[in-house]
Amino acid sequence: RYQKQLTNELKQKGKNMLINQELERTLRSLRLSGMIASLPARIQQATDGALAPMEFFQLLLDDETTRRKDRLFDRRLKLARLNPLKRLDNFDWSFNPKTPKKIVCELATARFIAEHENIIAIGQPGTGKSHLMNAIALCAIHAGYSSLYFQIHDLIADIMEATATGQRKSLFARLLKTDLLILDDMGFKRLKYDDAEELLEIIMRRYEHASTIMISNRPIEDWPKTLGDAATTSALLDRLMHHAHMLSFQGKSYRLEENALAKNKKES
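In our numbering, the protein residues as written are 1013 to 1280.
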């Protein structure tokens, strides 16, 4: 009797193994890598009686969904040119108490992107503008949006190279298609007239179709000096400021503080 029971159990295990192998082949042909990765653990849970049939199926679907979301996030993060270390959860809000935390946290929900609204972040160097705008863009990727970060002069250089190599159309398609475009260091250097026109074209074509974040150390009144043309500046600001959230950053510089601490530590 015991021998017969053992034989039946071995037959059942062999049958289950064949079914599992066939199931894995089917999942692989359908490219359901999330299900494949979690299948052994889920089967073990079901075998132990911890899962009902529908729970088993639902968990496999959840595993696949999670895997796809993670892979999509990784792919979008790689394309976005963002710093993954500049997040909301590691920002020191206490360093500059006047940092607009409430507004930043609201913008981190990414609702402004759905409304095609913009952000203009202005303030002194080292006050956390770039860190927080980077963090907002990371939150946008988590919410399912695409993002793309450029320092303005790097963008101009890329446009010049793309124009010279016949890739201009492809680059502009990417700039216009991305849900959130972050342009940093506005006003850091004076732009040539043609470069300012390139920037204006991007802003105009994204107007009311996608969201843009502009980051600058200079007040808006100084932008005509940077863009070199009052008409260009007026046209750019007209599109950028319409439906825009204005953020002002004041206070001490994180970088200067870190440099001072490092110097004191070295001397002590």
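The C-beta atom is built at its ideal place from N, Cα and C for all residues, glycine as well.
In the DSSP annotation of this structure, the continuous segment of the beta strand (DSSP E) that includes H1257 starts and ends at 1256-1261. Note that the segment 1165-1172 does not touch the segment 1258-1267; fewer than 3 beta-carbon pairs, one per stretch, sit closer than 8 Å. When rounded, the separation of the alpha-carbon atoms in R1186 and F1107 is 37 Å.
Boundaries cannot be given for L1094, as no beta strand (DSSP E) includes it and DSSP labels it neither H nor E. For Q1057, no beta strand (DSSP E) encloses it; the enclosing alpha helix (DSSP H) starts and ends at 1045-1059. Nearest neighbour of S1159 by Cα position, chosen from P1112, A1208, T1190, R1099, turns out to be T1190. In the structure shown, A1122 falls within a coil segment according to DSSP collapsed to helix, strand and coil. The segment 1211-1221 makes no contact with the segment 1140-1157, as fewer than three CB pairs between them are under 8 Å. From the listed residues I1171, A1176, W1105, A1092, the smallest Cα separation to L1183 is found for I1171. Contact between L1249 and I1232 holds, since their C-beta atoms are separated by about 7 Å, short of 8 Å. T1190 carries a coil assignment under DSSP once its states are collapsed to helix, strand and coil.
Distance from the CA atom of F1103 to the CA atom of L1211, rounded to whole angstroms, is 30 Å. According to the DSSP assignment, S1142 belongs to the alpha helix (DSSP H) that extends over 1141-1154. Per DSSP, the continuous alpha helix (DSSP H) segment holding T1238 begins and ends at 1235-1239. In the three-state reduction of the DSSP assignment, S1182 falls in the helix class, which pools H, G and I. G1199 places its beta carbon 7 Å or farther from that of R1180. The alpha-carbon of T1077 is positioned some 16 Å away from that of I1153. Using a Cβ distance threshold of 7 Å, A1122 and Y1161 do not count as a contacting pair. A direct Cα-Cα distance of roughly 15 Å separates A1247 from D1207.
Here the C-alpha atom of H1221 lies approximately 21 Å from the C-alpha atom of E1118.
The criterion of a C-beta distance shorter than 7 Å is satisfied by R1099 and L1150.
Rounded to whole angstroms, the Cβ separation of I1194 and K1141 is 11 Å, and the two are not in contact under 8 Å. In this structure, P1236 keeps its C-beta atom at 7 Å or more from the C-beta atom of A1243. Within a 10 Å sphere around the beta-carbon of G1061 sit fewer than 16 other beta-carbons, which makes this residue exposed. A straight line joining the alpha-carbon of N1130 with that of A1120 spans about 13 Å. Looking from the CA of R1083, the closest CA among W1105, F1069, T1111, G1046 belongs to G1046.
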